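Protein chains: 2
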Amino acid sequence: MTQALPNFYTVIPAGGVGTRLWPLSRANAPKFLHDLTGAGTTLIRGTFERLAPLTGDRVMVVTGESHRDAVREQIPELAGGDLVLEPSPKDSAAAIGLAAAILHRRDPEIIMGSFAADQVIAPVDIFQEAVKEAAVTAATGRIVTIGIKPTTPATGFGYIRQGEALSIDGAPHACEVAEFVEKPGEQKAQEYVDGGSHLWNAGMFVAPVGLLLEHLKANEPQLHDGLVEIAAAWGTERQQEVMARIWPTLPKTAIDYAVAEPAAAAGDVAVIPGHFTWDDVGDFAAIARLNPAEDEDQMTVLGDSSRVYSDESSGVVVSETDRVVALIGVRDIVVVDTDDALLVTTTDHAQSVKQAVEALQKKGDSDVL
Amino acid sequence: MTQALPNFYTVIPAGGVGTRLWPLSRANAPKFLHDLTGAGTTLIRGTFERLAPLTGDRVMVVTGESHRDAVREQIPELAGGDLVLEPSPKDSAAAIGLAAAILHRRDPEIIMGSFAADQVIAPVDIFQEAVKEAAVTAATGRIVTIGIKPTTPATGFGYIRQGEALSIDGAPHACEVAEFVEKPGEQKAQEYVDGGSHLWNAGMFVAPVGLLLEHLKANEPQLHDGLVEIAAAWGTERQQEVMARIWPTLPKTAIDYAVAEPAAAAGDVAVIPGHFTWDDVGDFAAIARLNPAEDEDQMTVLGDSSRVYSDESSGVVVSETDRVVALIGVRDIVVVDTDDALLVTTTDHAQSVKQAVEALQKKGDSDVL
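The listed protein sequences correspond, in order, to chains A and B. Residue numbers 1 to 369, in our numbering, belong to the letters of the first sequence in order. Residue numbers 1001 to 1369, in our numbering, belong to the letters of the second sequence in order.
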């Protein structure tokens, strides 16, 4: 029964390679273009479908130039001007800021919601309720984030400390943000979970485009001015020339530093607690977690399982080839079988994949990265 | 300074797939066609080169029809009639018996030595000395085996119990064989090693061809008569017709049962203790053992190591493709990367590879076996 929200626009930044998911995820086939949950759809398509009921066809994707065709294939609903292609990666402030600047020229009253392309969320209806509350709260002149109620003392995420409740019609759970806090150590993380007033920062922002640009201008004036200049040329014959000239000069910084944290310090940020499960599928341990095997003596298989044979083994196999894969007596194993690269590790070592990729880069094997 | 022995003929039975070395070793690329020691030569070539100084070009290979070209490529020295091709596998009694029957027609005085194509032996000069003693002993009218001084209480081999020493000029270490004993349990195997009078049965036989055929006739008359009939047609225009007609009717049995054990019971078998290292490279644990890594934190790599990256890992990688292989945090791992099949197991589970192959056969994946 979800209805599209007036003036609400979804922005999907689709960046990042997902290095810890190499060799599945890589420069020319990043995380968001994979189906990592066995859902039958890629993560970016899942993101689109989760938000389409709220925004209809008012969706903009910001991604790298090399992913143009793949993203068009995944979201054929995208209008021409709503696929924003970055000539080079410039971090989240430039990506989200450019979307805000383009939308602001179309209609300064637009409220945009920015949701990364590579997250897994369920149940969808509870997520959508939180987004609605965020949009209603944003309409009162605030930048709104959706924080996730933590289920474990994760040390890999930043946290949001909730402040006082706000009294907003249609957004009964909205609170002030007391502060954004950096990724904690294990003890601090446990305190955050036990205390009950901290939420995971999932990088979801809902904001009036004008207010977002105001804060960007205050904190990153060069970035702001450059993005506004690109936006002014957007959709004109000068678009390409201006993009090519200005984009390379823009500073690289995260939206958290450029907008969210200073805006929170100014009292302009609210948070909606999200009581849904959320996973950024950061590594192969997450894939094992999100795709539990049917019983203990079975492997989780992503891809064609008909050619996978396992005995006394557990863990996850990602099969991107049509080869037979046989596993014997290996526990909590991670095997990723692609045409040009093979990874064998364990779920306990899932985080170390990043270092391996860096080592391969140094070693000169970047053709497979 | 080794000299060729008069009347001595080397026979190399090259059969068996080496199922425990799947997917490296398989029906169309069996164990003996691989370089499993990093020596730079295949096992069958190594076998030939170990024996050539003793027999010159008097070498006969018995193998499956499908390996004709590969064996010719490995041993271009083979004369036309000395490559015996089996239309189907018939176990060792038929293979070795046919070689004996063919050689017997050429010259009843020939002493043949049968040495499997897929064994690893060092040092070669000590092996050659043992073969010479075996040939000298065989010339006194005995079937002679070379037994290996056991270094571990192996349960995967049969054993030979030494009897009284024989006094033979030129064969100072020759002994009677008291009996052949079956593969023992762990306790028995330990007793054999501790006792000092048991040797591993490595399946090496040196015998006058006439005596070998006599025992074969006594124990397996149908097999004997069939082989003699094939041998009579060998090298004539009838060879193919007779082979095609008789071979399929021959019983399948091992040379141990058909000749060695009954001959031992009759007091006709001697043994030369072999004080060399011997390995039948039965599984991937053997490959790890035969190819030790340079240090603890390195992998043994068979194949191109330049694309193998490992961190906090140990074990063996067999790389038959040009893919990058990355291993992180896996100990005693076995990874065998071939074009159409991938095996991931541990050295502890090396023996279980056979069951996996049987399961794949049942499952219908026999295209990769």
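Glycine included, every Cβ here is placed at the ideal spot set by N, Cα and C. Keep in mind the model is a prediction, meaning the values are calculated, not measured.
Does the beta carbon of residue i sit closer than 8 Å to a beta carbon anywhere in chain D?
i, result
"A1356 of chain B", "Looking at the structure shown, chain D is missing, and the protein chains on hand are A and B."
Taking residue i and residue j to be in contact with their CB atoms under 8 Å, please state how far apart those CB atoms are, rounded to whole angstroms.
i, j, result
"I230 of chain A", "A79 of chain A", "18 Å between Cβ atoms; not a contact."
"F1284 of chain B", "A1122 of chain B", "That pair is no contact at about 20 Å."
"V318 of chain A", "L302 of chain A", "5 Å"
"S197 of chain A", "R161 of chain A", "6 Å"
"V136 of chain A", "G163 of chain A", "So it is not a contact: roughly 18 Å between Cβ atoms."
"P1334 of chain B", "L1327 of chain B", "For clarity, residue 1334 of chain B is Val in the given sequence; the question names Pro instead. With a Cβ gap of about 11 Å, V1334 of chain B and L1327 of chain B do not count as contacting."
"D268 of chain A", "R142 of chain A", "6 Å"
"A1260 of chain B", "F1205 of chain B", "7 Å"
"A138 of chain A", "P208 of chain A", "6 Å"
"G147 of chain A", "W200 of chain A", "6 Å"
"G113 of chain A", "F8 of chain A", "7 Å"
Under 8 Å between beta-carbons, which chain A residues line up against residue i? List them in chain order, please.
i, result
"I1333 of chain B", "V330 and V344"
"A1341 of chain B", "R323, V324, V325 and A326"
"D1337 of chain B", "L342"
Looking at the C-beta of residue i, does it have a partner C-beta in chain A at a distance below 8 Å?
i, result
"A1359 of chain B", "yes"
"E1294 of chain B", "no"
"S1366 of chain B", "no"
"M1001 of chain B", "The predicted position of M1001 of chain B is uncertain, since its pLDDT is 41 and thus under 50; a value taken from the coordinates is nonetheless stated next. With 8 Å as the cut-off, M1001 of chain B does not count as an interface residue toward chain A."
Within the 8 Å Cβ cut-off, does residue i reach chain B?
i, result
"K363 of chain A", "yes"
"S352 of chain A", "yes"
"V316 of chain A", "no"
"R142 of chain A", "no"
"G18 of chain A", "no"
Quick one: is residue i buried, meaning 16 or more other Cβ sit within 10 Å of its Cβ, or exposed?
i, result
"I126 of chain A", "exposed"
"T1236 of chain B", "exposed"
"E182 of chain A", "exposed"
"G315 of chain A", "buried"
"N1028 of chain B", "exposed"
"E1065 of chain B", "exposed"
"T1249 of chain B", "exposed"
"Q187 of chain A", "exposed"
"P1030 of chain B", "buried"
"Q1222 of chain B", "exposed"
"T1109 of chain B", "It should be noted that the sequence gives Glu, not Thr, for residue 1109 of chain B. E1109 of chain B comes out exposed."
"Q1074 of chain B", "buried"
"R331 of chain A", "exposed"
"D973 of chain B", "Residue 973 of chain B lies beyond the residue range present for chain B, which begins at 1001 and ends at 1369; the question has no answer from this structure."
"E86 of chain A", "buried"
"T1063 of chain B", "buried"
"G1156 of chain B", "exposed"
"E1358 of chain B", "exposed"
"E1191 of chain B", "exposed"
"T1055 of chain B", "buried"
Residues of chain A with CB under 9 Å from residue i, in chain order?
i, result
"D1348 of chain B", "G329"
"Y1309 of chain B", "A356, A359, L360, K363 and D365"
Quick one: list the residues of chain B neighbouring residue i, beta-carbon separation under 9 Å, in chain order.
i, result
"Y159 of chain A", "Correct list: empty, because the minimum Cβ distance to chain B is about 29 Å."
| Considering only residues of the stretch 1211-1289 of chain B, which uninterrupted beta strand (DSSP E) runs meet the minimum length of 3 residues and lie entirely inside it, listed in chain order? | Uninterrupted beta strand (DSSP E) stretches at least 3 residues long and entirely within the stretch 1211-1289 of chain B occur at 1269-1274 and 1277-1279, given in chain order.
| What beta strand (DSSP E) runs, 3 residues minimum, are completely inside the stretch 1285-1337 of chain B? | 1299-1303, 1308-1311, 1315-1319, 1324-1328 and 1333-1337
| said: Report the start-end ranges of each alpha helix (DSSP H) in the stretch 1022-1077 of chain B that is 4 residues or longer and not cut off at the edges. | reply: The alpha helix (DSSP H) runs of length 4 or more contained entirely in the stretch 1022-1077 of chain B are, from start to end of the chain, 1043-1055 and 1068-1074.
| field | Length-filtered (4 minimum) alpha helix (DSSP H) runs lying within the stretch 1109-1145 of chain B | value | 1124-1138
| query | Which runs of the alpha helix (DSSP H) fall wholly inside the stretch 1172-1213 of chain B and span at least 4 residues, in chain order? | reply | 1186-1195
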